[in-house]
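Accompanying notes for the structure given below.
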Amino acid sequence: MSGKMTDPTTFKLGLFGYLHEGGNCFTTVPERWPADWASIERMARMADRGGLDFLIPIARWKGVPGAMMQRLHSFDTLTHAAALGAITEQIHIISTVHTPIIHPVVAAKAMTTIDHVTNGRCGLNIVCGWNVDDFEMFGLHPLPHKVRYAQAQEWYDIWSRLVAGAPEPFDYDGEHFEGLKRLSALPGSVQKPHPLVICAAASPEGRDFALRTSDVLFTLIDELDNGSAQIHQISEKAAEMGRSAPEVFAVSYVVCRPTRSEAEEFHAYYAEENADQGALDYYFKGRSGLASLPSEDQAKLRLRFAAGNGGYPLVGTPDDIVEQIVAMSEAGFGGASITVLNFEKDLPPIVNEILPALQKAGIRGNTASAA
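With full-length UniProt numbering, letter number 246 in the sequence shown gets 246, and the count goes up by one each step, no holes.
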């Protein structure tokens, strides 16, 4: 692995969920993210020049029905990484890959290519998937929860061996990938032993899988104290397994305006008054863990999913948001993903005001103004 993504002395920040229409916000407001390719390209250039560390998309196959069809307009994550990698210079570009849908031999070949295109800025967000409607497009059904990570482990074992470079052919015969013959691959990735691996699993089985495979673990948090407790638990579990703990990143969303009242009003406008309640109903129904929560917790999470995919809210002025990100760093997080309503229009204050202020606060290295 290479670059700022593996530097433990800097708090990493990147954009999350920009590859589909509407982004990570379940809202009907006209300002929502269009996700046309020209906008994505401008966003990527701005993020790269401004000093953000990574771009990470969600992998979508079908839309989310609601008051309007959310997220149906979307692009592929592997080919997008090659395309954006060719027009950027510093930023890490992640591909989100469903292990039951994309074969590990294909993923290894694609990501080796991307890692060479980007000169070592490729990354894998490894996900098992849960959306039945998506899986049915491929004639598949989601595996039982405990089985899906056994399948993902086999997928990872094949992928990691091939992407490292495998000049000598080998066979693989597992429970989920049977009878693979004479597997081989060159040239292997630029990053050694393989590209950066990210996981966002939350269940006990998923966390164990992440500790075995991943460099970065993303997590949803209710409050920062809860996040600190999660980091401690992850470190303890890693020690029990005899492994180094991955860096833990928070999932967050940003609403930044010149005044706090403006930020709070805009947050209420798009995430409460104009939330797509039908899309939220569909999403919560598909996630059994969310649907079974007490009503008070559900209401809080529905607001956060409308505002930014369930992330931790960073709402206020640039100074407010800097203060909250510094608190994240002090709580033990190594970085955070950022969702905004519109990834092009809402990015300038982040790269021009927030990142330089974080550098002055001592939790980030050099950042360049971008817009």
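Note that the Cβ used here is the ideal one computed from N, Cα and C, for glycine as well.
Original post:
Can you list, in chain order, the stretches of the alpha helix (DSSP H) that have 4 or more residues and sit fully within the region 279-354?
Top reply: The qualifying runs are 288-291, 295-308 and 318-330.
Original post:
Across which residues does DSSP place E247 in a beta bridge pair?
Top reply: Here E247 is bridged, per DSSP, to V216.
Subject >> 7 Å CB neighbourhood of P167 in its chain, flanking five on each side removed >> reply: S184 and L186
**OP:** For H141, count neighbouring Cβ atoms within 10 angstroms of its own Cβ and tell me buried if that reaches 16, exposed if not.
**Re:** Exposed, because fewer than 16 other Cβ atoms sit within 10 Å of the Cβ of H141.
**OP:** Locate the beta strand (DSSP E) running through T96, then write down its first and last residues.
**Re:** H92 to H98
Original post:
Among L124, G17 and M5, which has the Cα closest to the Cα of A210?
Top reply: L124
Original post:
Grouping DSSP H, G and I as helix and E and B as strand, with all else coil, what is E168?
Top reply: strand
Original post:
In its own chain, which residues sit with a C-beta less than 6 Å from the C-beta of S369, not counting the 5 before and 5 after it?
Top reply: Interpretation of S369 is limited by its pLDDT of 45, a score under 50 that renders its predicted location unreliable; the figure taken from the coordinates is listed afterwards. Correct list, in chain order: N352.
**OP:** Would you tell me roughly how many angstroms separate the C-alpha atoms of H92 and D133, rounded to the nearest one?
**Re:** The alpha-carbon separation between H92 and D133 amounts to approximately 30 Å.
Subject >> Segment contact, 8 Å Cβ cut-off, at least three pairs: the region 207-223 with the region 150-160 >> reply: yes
**OP:** Check whether the Cβ atoms of I198 and L180 lie closer than 9 Å to each other.
**Re:** no
Original post:
Is it true that the region 254-266 meets the region 336-347, where meeting means three or more beta-carbon pairs spaced less than 8 Å apart?
Top reply: Output reads yes: the region 336-347 touches the region 254-266.
Original post:
Opposite G66 in the DSSP bridges: which residues?
Top reply: In the DSSP output, where bridge partners are listed per residue, G66 has none listed.
Original post:
Is W37 buried or exposed, if buried means 16 or more other CB atoms sit within 10 Å of its CB?
Top reply: exposed
Subject >> When A361, M46 and C25 are compared against E344, the one with the closest alpha-carbon >> reply: It is M46.
**OP:** May I have the straight-line CA-CA distance separating G278 from W130, to the nearest angstrom?
**Re:** 19 Å
Original post:
Taking C-beta to C-beta, are G311 and A250 nearer than 9 Å?
Top reply: yes
**OP:** In the DSSP assignment, find the unbroken alpha helix (DSSP H) run with L224 in it and report its ends.
**Re:** L224 to E240
Subject >> L280 beta carbon less than 9 Å from that of L13 >> reply: no
Subject >> Among L224, T259 and A83, nearest to R42 - alpha-carbon criterion >> reply: Nearest of L224, T259 and A83 to R42, Cα basis: A83.
Subject >> Sequence-distant residues of the same chain with beta carbon closer than 7 Å to H80, five excluded per side >> reply: L19 and P57
Subject >> 7 Å Cβ shell around V190 - same chain, five flanking residues per side excluded >> reply: D115, H116, N119 and G120
**OP:** Take P318 and list the residues in its own chain whose beta-carbon comes closer than 7 Å to its own, dropping the five residues that flank it on each side.
**Re:** C256, P349, E353, I354 and A357
**OP:** In angstroms with no decimal places, state the Cα-to-Cα distance between L314 and Q324.
**Re:** 7 Å
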